[in-house]
Amino acid sequence: MYQVLARKRRPQTFESLIGQQHIARTLRNAIEADRLAHAYIFSGLRGTGKTSVARILAKCLNCEKGPTPDPCNECTPCTEITQGRSIDVLEMDAASRTGVGDIRELQEVVSYAPARDRFKVLIIDEVHMLSKSAFNALLKTLEEPPPRVVFILATTEIQKVLPTILSRCQVFEFRRVTPRELTLHLRTICDSEGITITDEALDRISRAGEGSVRDSLSVLERILAFCGTEVEDQDVLQVLGAVRAEILVRMVHAIAERNAGEMLATLDAVMDEGRDLLHFWSELLAIFRDLLIARVAGADTELLSRSPDEIRTLDKNTATLSREDLNRVLGLLVELEPGLKSSSQPRFLFESALIRIASLGAVVPIEKFLESLTGGGGELSSPPGEQKKKILTPDEPAPADFRSGLLASIKKRSRPMITALIGHASAVELQDDQAIIRFPAGAESFKSQAERDETMSLLQSCAGEAAGRHLVLRVEMDTATEVRAGSGRSAATGPGNQGPRRPAGDRRQLMEMAGSDPAVKHLLREFGAQIVDIRPLDPETGTEETS
Ligand SMILES: Nc1ncnc2c1ncn2[C@@H]1O[C@H](COP(=O)(O)OP(=O)(O)O)[C@@H](O)[C@H]1O
Ligand SMILES: [Mg+2]
Ligand SMILES: [Zn+2]
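Quick note, my numbering runs 979 ahead of the 1-based positions in the sequence shown.
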């Protein structure tokens, strides 16, 4: 029977693990000294050995010749564990079983003594996905661990595991495996499978795995499926290019559909696969740059970094985005760069930019909007009620209960300083998937306090708790006096940055002219608005001129 490489090559002993020697050593010592913990957390990137080590540990405990750090891998308990069908070693995937009912079932299982072997071992994968109530049930069990039961909780996102759980477990951090270690490992496998491949090619495959053994094995597998056992460097390049492109194309589609959920899920996949965020960002930026240039100069222009065919396909898939939309997406992506490079939470920034990109959908160039008011036939992509919200509104106050919900959640964790900090916020708002905390102008120091990593993640989870769903946190300075164009580029469109200066008289005249235009009059009356500033459009792109 054919078995995928990653499964076939699952390490069955501590010795055959690569990259996790620190964990192997600690566990061996604990077994030899008979000092095992009741509960372990295995944290780390996917494909670095968490499940493999959990099974090895289970065998160490239950091997007929054990407990031993070197299980025989031949007795009944050992072989059953390898095949995942031991009655005393249970694996549960929290991602698909998050209900409290599932945990009750688990508690029941735990309450019986091991059926045959020395220990009952419960391996819970992706434990951070458990619902809150399931977490609490698990916590109760961990507080009074039943005898002869060992819990092994695996997670790729340890920051989502409650501290109360963490404090009751021994935590092991699985490291990313270095390209060097991976290349050596792949070389051993290729040699034993009779595959010819150069060192350079193996090196490329290791790098593509970005620290995950499983991912580099899957890449190798794809290459073998593509060209058999004689691998040419050329084939490797081709397959790797396709693998990289897939996730980018997924993101481009999500953006074209303005599907915020899918954008966040794609970013999550990028992170999950352990990809470098900055690299992903620069590739995404390059695609949007090419799309925009192709719209302006045609798909055949030599200014592009990809083939005319490739561009035409991409362009077809992004037909829902106007030239102006593309320009705005590009602008928001460009703005991300300094933050991505300097922040220790680049993911938050990326998520926030994606949500802004998703909300671009409702923005219509003002002249089109005016046309529609005067019956000029311009098309609106959303009903006027929606426009009213996007164009010319001062910030609306947040519903009072979200702030108090957030405060309650912070207080629960006894964090008086952070409670006080939120007391200084001028607004706490809930918008779609975002919690936005604003501080009054001049209070930059509060903003930077809130932006500390630890504070940021605490606030994000408290906000999520208050709202009852996952939220992305944004901390901003107050822009209450600004006329928002809905593009989210508050800094660039704020009153402090009005583009190229024009003589004041000139400006006043323009404002008067605009004010006497019947369409504008209609607009001002309709929305009770007033003209704050006037800026010319760039004739090339149809967007505001930038300074
Ligand atoms: N540290 C490692 N050493 C050797 N192979 C590994 C290692 N980590 C992962 N693998 C390979 O990847 C596959 C999946 O690993 P697994 O232990 O399930 O990862 P995780 O549970 O961390 O996602 C294994 O079957 C094995 O082929
Ligand atoms: Mg696993
Ligand atoms: Zn055995």
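Even for Gly, the Cβ is constructed at its ideal location relative to N, Cα and C. Predicted model only: the values in this text are computed from it and were never measured.
Within its own chain, the residues whose Cβ lies closer than 6 Å to the Cβ of L1196, once the five positions on either side in sequence are excluded, are L984 and A985, listed in chain order. Spanning the alpha carbons of L1263 and S1424 requires a straight line of approximately 33 Å. Counting only beta-carbon distances shorter than 7 Å to the non-hydrogen atoms of ligand 3, the qualifying residues in chain order are K1038, C1042, E1043, K1044, G1045, P1050, C1051, N1052, E1053, C1054, P1056 and C1057.
Listed by position in the chain, the residues whose beta carbon lies within less than 6 Å of some heavy atom of ligand 2 are K1029, T1030, D1104 and A1133. N1041 counts as buried, since no fewer than 16 other beta carbons sit within 10 angstroms of its beta carbon. Taking a contact to require three or more Cβ pairs closer than 8 Å, the stretch 1167-1179 and the stretch 1133-1142 do not qualify as touching. In this structure K1390 is exposed. Its beta-carbon is surrounded by fewer than 16 other beta-carbon atoms within 10 angstroms. By the C-beta criterion, the stretch 1303-1321 is judged not to be in contact with the stretch 1197-1217, since fewer than 3 inter-stretch pairs fall below 8 Å. Note that the C-beta distance between R1127 and P1158 is not below 8 Å.
Following the DSSP letters along the chain, one finds R1302 inside the alpha helix (DSSP H) bounded by residues R1302 to S1321. It is roughly 5 Å from the alpha-carbon of E1059 to the alpha-carbon of S1065. Taken in chain order, the unbroken stretches of alpha helix (DSSP H) that lie wholly in the stretch 1015-1083 and span 4 residues or more are 1029-1041 and 1055-1061. With a contact defined as Cβ atoms closer than 8 Å, P1056 and G1028 miss out at about 21 Å.
If the five residues before and after L1256 are omitted, its C-beta is found closer than 8 Å to the C-beta atoms of V1249, M1250, L1319, P1325, R1326 and F1329, all from its own chain and listed in chain order. The continuous beta strand (DSSP E) containing I1102 extends over residues K1099 to D1104. F1329 sits in a helix when the DSSP states are folded into three classes. Here the alpha carbons of I1266 and L1283 stand approximately 9 Å from one another.
Distance from the C-beta of P990 to the nearest heavy atom of ligand 1 is below 7 Å. Beta-bridge partners of V1210 (DSSP): none assigned. Three or more beta-carbon pairs separated by less than 8 Å are not found between the stretch 1176-1191 and the stretch 1033-1053, which leaves the two stretches without contact.
By the criterion of a C-beta distance shorter than 7 Å, S1323 is surrounded in its chain by D1432, once the five residues flanking it on both sides are discounted. Contact between the stretch 1238-1246 and the stretch 1205-1220 is not established, with fewer than three Cβ pairs separated by less than 8 Å. In this structure, the alpha-carbon of A1445 lies about 6 Å from that of S1388. Counting along the chain, Q1428 sits inside the alpha helix (DSSP H) bounded by residues E1423 to A1429. For L1132, no alpha helix (DSSP H) run applies; the uninterrupted beta strand (DSSP E) run containing it begins and ends at V1128 to T1134, by DSSP. If the five residues before and after H1232 are omitted, its C-beta is found closer than 7 Å to the C-beta atoms of N1296, all from its own chain and listed in chain order. At least one heavy atom of ligand 1 is found less than 7 Å from the C-beta of V1192. At a cut-off of 7 Å, the beta-carbon of A1074 does not count as near ligand 1: no heavy atom of the ligand is closer than that. Of the residues assessed, M1396 falls on the exposed side of the cut-off, its CB having fewer than 16 other CB atoms within 10 angstroms.
In this structure, the beta-carbon distance from M1435 to A1429 falls below 8 Å.
Take D1269, set aside five residues on each side of it, and the residues of its chain with a beta-carbon closer than 7 Å to its own are L1283, S1284, R1285 and I1290, in chain order. In this chain, E1281 is not harboured by any beta strand (DSSP E), its DSSP state being neither H nor E. Relative to the non-hydrogen atoms of ligand 1, the Cβ of G1026 comes within a distance shorter than 7 Å of at least one. Spanning the alpha carbons of H1258 and V1228 requires a straight line of approximately 15 Å.
In terms of Cα proximity to K1099, the closest of E1122, E1087, R988 and S1110 is E1087.
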